[in-house]
Each structure stands twice: as structure tokens, then as C-alpha cells.
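Visitor:
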Amino acid sequence: MDSTTVSPVLCAPSTFDYPSVFGVEFSSIEASLVENFSTYVSDLYYNHNPELWVEDATFCNVTLSYTHPGVGDLVVVESWLPIPWNGRFQALGGGGWSGGRTEEAMVGMAGAMGSDAAITTDAGLGHQELPLDWALLSPGNVNLQALDNLGSKSLDEQVGREERMCSVMAIIGKHLIQSFYGQQPRYSYFNGCSQGGRQGLQLAQRYPEHYDGIAAAAPGIYWSQFFQAMLWTQVVMNEMGEYPYPCELDYLQNAVIEKCDAEDGLEDGIIMDPHSCDFDPFSLVGITFNCHDTGNDMQLSRVAATVAHAFHDGVRAPDGEHLWHGPHWGSNLTMTIFGTPGMAATDCSTGSCVGLPFGYGLLWVSLFALKDPEWNFQNMTREEYSRVFRLAAHEYSSIYGTDDPNLDLFRDAGGKIISFHGLLDDICPTGGTEQYYKEVWERDENVHDFFRYFEVPGVGHCAGGPGGHPNQVFAALRAWVENGTAPDSIPIDVPRLPPSQTRVICPYPQKVQVDPENPERFYCAGPSGCSPRDS
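1 is the number of the first residue of the sequence shown in our numbering; add one for each residue after it.
(1) Take the Cβ of residue 336 as the centre, count every other Cβ of all protein chains shown within 10 Å, and call the residue buried at 16 or more, exposed below.
(2) For residue 418, which beta-bridge partners are listed by DSSP?
(3) Going by DSSP in three states, residue 347 sits in which element: helix, strand or coil?
(4) Output yes or no for whether 7 Å exceeds the beta carbon distance between residue 230 and residue 360.
(5) Going by DSSP, what residue range makes up the beta strand (DSSP E) through residue 507?
(6) Does the Cβ-Cβ distance between residue 426 and residue 331 come in under 7 Å?
(7) Beta carbon of residue 211, beta carbon of residue 194: below 7 Å?
(8) Suppose only complete runs of 4+ residues qualify. What are the alpha helix (DSSP H) ranges in the region 324-372, listed by chain order?
(9) Taking only the alpha-carbon atoms, compute the straight-line gap between residue 294 and residue 505 and give it to the nearest angstrom.
(10) With distances taken Cα to Cα, identify the nearest neighbour of residue 41 among 354, 150 and 111.
(11) Between residue 239 and residue 385, what straight-line distance do the alpha-carbon atoms span, to the nearest angstrom?
(12) Just the Cα atoms here: how many angstroms apart are residue 178 and residue 509?
(13) Out of curiosity, what's the CA-to-CA distance linking residue 13 and residue 252?
(14) Identify, in the order they occur along the chain, each residue of the same chain with its Cβ nearer than 8 Å to the Cβ of residue 309, setting aside the five sequence neighbours on each side.
(15) I need the straight-line Cα distance from residue 82 to residue 417, nearest angstrom please.
(16) Is it true that the CB of residue 208 sits closer than 7 Å to the CB of residue 486?
(17) Does any C-beta atom of chain B lie closer than 7 Å to the C-beta of residue 114?
(18) Three Cβ pairs or more, each shorter than 8 Å: is that satisfied between the region 170-185 and the region 352-368?
(19) Restricting to runs no shorter than 4 residues, where is the alpha helix (DSSP H) found entirely within the region 87-167?
(20) Is DSSP giving residue 274 helix, strand or coil here?
(21) Select from 18, 100, 31 and 348 the residue whose C-alpha is nearest the C-alpha of residue 246.
(22) What residue from 334, 372 and 274 has the CA that sits closest to residue 328's CA?
(23) Output needed for residue 69: all residues of its chain with C-beta closer than 6 Å, excluding positions within five of it in sequence on either side, in chain order.
(24) Do the CB positions of residue 402 and residue 221 come within less than 7 Å of each other?
(25) Helix, strand or coil, according to DSSP, for residue 260 in the structure here?
(26) Going by beta carbon distance, what residues of the same chain come within less than 7 Å of residue 135, once the five residues before and after it are set aside?
(27) Helix, strand or coil, according to DSSP, for residue 48 in the structure here?
(28) To which residues of the same chain is residue 37 closer than 6 Å at the C-beta, ignoring the five residues directly before and after it?
(29) Using a Cβ-Cβ cutoff of less than 7 Å, which residues in the same chain neighbour residue 525 once the five nearest sequence positions on both sides are dropped?
(30) Short of 6 Å in beta carbon distance, which residues of its chain neighbour residue 400, apart from the five on each side in sequence? Order them along the chain.
(31) Looking only at C-alpha atoms, which of 33, 449, 269 and 78 sits nearest to residue 558?
(32) Would you mind reading off the limits of the alpha helix (DSSP H) that contains residue 35?
(33) Using a threshold of 7 Å, state whether the C-beta atoms of residue 428 and residue 279 are closer than that.
(34) Tell me the DSSP secondary structure of residue 63 in three-state form.
(35) Does the separation of the CB atoms of residue 381 and residue 307 fall below 7 Å?
(36) Restricting to Cα atoms, I'd like to know which of 289, 206, 389 and 420 is closest to residue 456.
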């Protein structure tokens, strides 16, 4: 793609005026030239892309601040406009409770800015990584404006006399690009994982005309359900009044891998298809093993088997109704990929074990579901948990659920989506993304023409795990958008394996297979156009 070069002297506030956005009042604009910018960009933070070095780059850093009159918020949007520019525009999403403009997001900005004009928003939350300071206006009263900013408003507003729904970040970015380069971008993309993946699907659902391509990994859709599900195994343990040693749950995880790893025809520590892994933790109750927590031999307890079963089976109401998905067998119960205690973590350092509820889940239930910062999780029964689970999902679905399967307008605008989800994701289980994709498929039997979902064996939440990192997804998205080449598979490198064992990930419902005559060859197999009911 041909590049566009402009004079660096244009990088001044006087070059830019404020875009016209209905319901928004701009308060400041800053522009500063950055030269000789060099940095390493990890593929763990520049989602969907390989690692790279940015060397001696020149770009114009433009930062705008705005508010919604009468609300009292302050949203900051930051854009990096490279010199020269390749004609592409890329918006970077957030993670966790952040809309963007975090340290991790700025790594992504650096990666994008190596060629694309890039933009990110803090969604009016500044650099806060947790909602402790903004979630509640007062006990019992959620700050719905702040939540709406994070959920969608920072991504969109009503603009123009036609009242067409648009993405405010896209409006600002494209306005700055027009002012600086004298032309609009030829292609516009959104790139994000987790919260950023949710933002990407929110854009496709609500504001379908502003991005040609969306890369949305491990999307945090059905937000209330998967956040409250983080506490499920802790509720089960509290109900029993017993808590297993971490070594017991780690033993079961290793036993799963030992049983199911070779079912794909290759023993490599990666379960290719955990859907088909038929593992019964209760069959190992009473077996003797060495516990790394104590250094002594112990017998696997029924409590540990019960916790492992509940973790993978998912959330159930007291009457047995299945309310939400659990992580696949092989996912880590005691530790996340970020090195923090996992969903079924316990602490046995004093000689008796206690549960360690996952912080994000506690914050959601305390601040948003119950609106009570003084709430004590230890007092929550399974009945109360089930009631709150249903009520919170209903209350926040329209603001934050991001689960509308109607993508007709995005499809008709010519947009393309690629979403991947690691099959070892213990934080945001793949079941939610699979459920959403099936619901889109139910509405549109030709969903594969514009939206493809890839399940990735051996990968955790956004990254991590033995299965490598899907860092060729964005290249596949660009090829689809710009050349019409739909991805029938996407290559993935597994660093701990020889380069000759570069693998592939496959569009749902196809699954990766190992050639029995050549274990270094991987390919996609299975139905590609069946009914979602048959997948």
C-alpha cells in the first residue's frame, strides 16, 4: 500500500479543530511531535500480531479531552499519527476494567503506529485499573454514566442530523487523519482482547459502519454472567465448608493432560479438543500422590474432585439448572496466566485451608450486582448466589452484555470479524463466545461469509499456555478485508516446538487434526457449513 508523507510542522494544535459530535463538548487538544521513537513490541500486548521492533519512528501525538455536558465526566482520547502513513487506521481496545490508554494499550499503540494511524480511549476512567473509585455514586447507587462510558458510550455517540449511530473514537480518529493527512483512511480496523474483544463486538452490534475489520479475541461478552461465574467454585467450597489443597487440584489438572493429551494422536502437552476429553475426577479419589504444598504423600480427597467437577461443569442453580459455562478440562484451577490466584485457589499456609475468591468477581458482585461495598462474600449461600446471578444478568445486559446476535448491518456494510478464544481460558470460558457465535449463526446461515470464530488449543486468556500465541490473526483479517481472502485456517507458532511444527487454528466448527502419517502436518477438518445445532 502506498504511503502518505506530510511535513512534521503540521503537528501542532492549530492543524486540528474539534470534530462535530452530538452530545459531546471538547475541552482541549494537544499535539506534539515525537521523533526517533524506538521500542520493542511484545505480541502478548499487541494482540493478534507478531512481536516487532519499532525503530526511529516519527509520529504526531494528538490528545483530545471531552465531556458529556451535565454529566461531569472527562474522556481522554489519544491518537498517534505516523509520518509516513500507510493509509490504515487502527483503534486499540482495553482490558479488564479499562477502556484503553493503559500501559498495555500503549504497547499496542506502538505496534500499530509502525504503519497505521492508531487511537485509544480511557473511556473517562483515567488510568484506573479497578472500579473502586468510580463504580458507586453512593452505596446502593451505581455510577451508570461511568459504566455506560466503558460499556459503549466512549465508543459511540449520536452524530449528525440523521441521528446515525457512530463510534466517537472512530469519528475523532478519522477527523484527525483528515486534518493531518488531507484524506480519509482507506481501511479502518479495531483490535482488542478481553474487554477489548467485547468492545469490538459492541462496535459490530451497535455501530456497524465505522470499521472494515474487527479482531476480537476472548471477548468479555455476557459480562455479568462470566464475572459472577468467577466466584462459583468458591461458593461450592463455602457450602461444603471444606477447601482442598492446591496440590490436589494441580494433580487433577496434570491427570487430565495425561489422559486426554494423546487422544489427538500426538503427545505434546496440548489437548487439541478438550470438548471430547472425558475425564472423571471422582475416579481418582483416594489415590496417593506427593503434595507439593506439604512435601508429603497424601490421598486425593472427594472435596478436591467435587471442586474440580464444579469448576469445569459450570454454574448451576440449587435445582441443578445450568446457568453458565465452566472452563474446559486442562484449564488451570489454582493460578491464572497472570500469576494471580485462580478461580479455585485456596491458601493452606497456616495448616488449614481457606478459599481465595477471585478479586474481579468480588468487585462485580459487591459494587454492581449488590451495590454494597461492605458486602461479605463468606455469607453468600448458593441460593443467594443463584438469585443475584439472574438479577444482575438481567439488569446489566443492555448496558454491558454485548450479546446481540443481530449483525445484519455490519454484514451489509461489508465488515469482517475474526474472533479467537483460547481453549484453556480459565477467566472467561470459551463457552460464552461459542454460544454467541451459534446465536449469530442461527440468525444468519451465511455467518462464515463475514464472521469467523477460531478456538485455539493450549492457549489461556488472550495469551499464555503451551499452545503458542495466535499472532497471525490480524494479518488474516487484513487479507480478508483488503483482498477478499477468507481465512480457512490461520498459522500459529508454538515456541517450544520445532519450527517445522508450525500449526494451524481452524474456523468453528472445524477442528485441528494431526496427520497420522505425518505428525508434523496439521490441518482443519469437520463441517464448515452445517447448522449450528449440529456442530
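Glycine included, C-beta positions come from ideal geometry on N, C-alpha and C.
Guide: According to the structure data:
(1) buried
(2) 215 and 452
(3) strand
(4) Yes, they are a contact pair.
(5) 503-507
(6) yes
(7) For residue 211 and residue 194, no; Cβs fall outside 7 Å.
(8) 359-363
(9) If you take the alpha carbons of residue 294 and residue 505, they lie about 40 Å apart.
(10) Nearest option by C-alpha distance: 111.
(11) Going from the Cα of residue 239 to the Cα of residue 385 covers about 11 Å.
(12) 41 Å
(13) 59 Å
(14) 281 and 282
(15) 25 Å
(16) no
(17) Of the protein chains in the structure, only one exists, and it is not chain B.
(18) no
(19) 103-113 and 144-148
(20) helix
(21) 348
(22) Ranked by Cα distance from residue 328, the options 334, 372 and 274 are led by 274.
(23) Excluding positions up to five away in sequence, the list reads 25.
(24) yes
(25) helix
(26) 142, 143, 367 and 368
(27) coil
(28) 57
(29) 510, 511 and 513
(30) 151 and 223
(31) The structure shown does not extend to residue 558, since the chain is modelled only from 1 through 535, so no value can be given for it.
(32) No alpha helix (DSSP H) contains residue 35, which is instead part of the beta strand (DSSP E) from 25-41.
(33) no
(34) strand
(35) no
(36) 420
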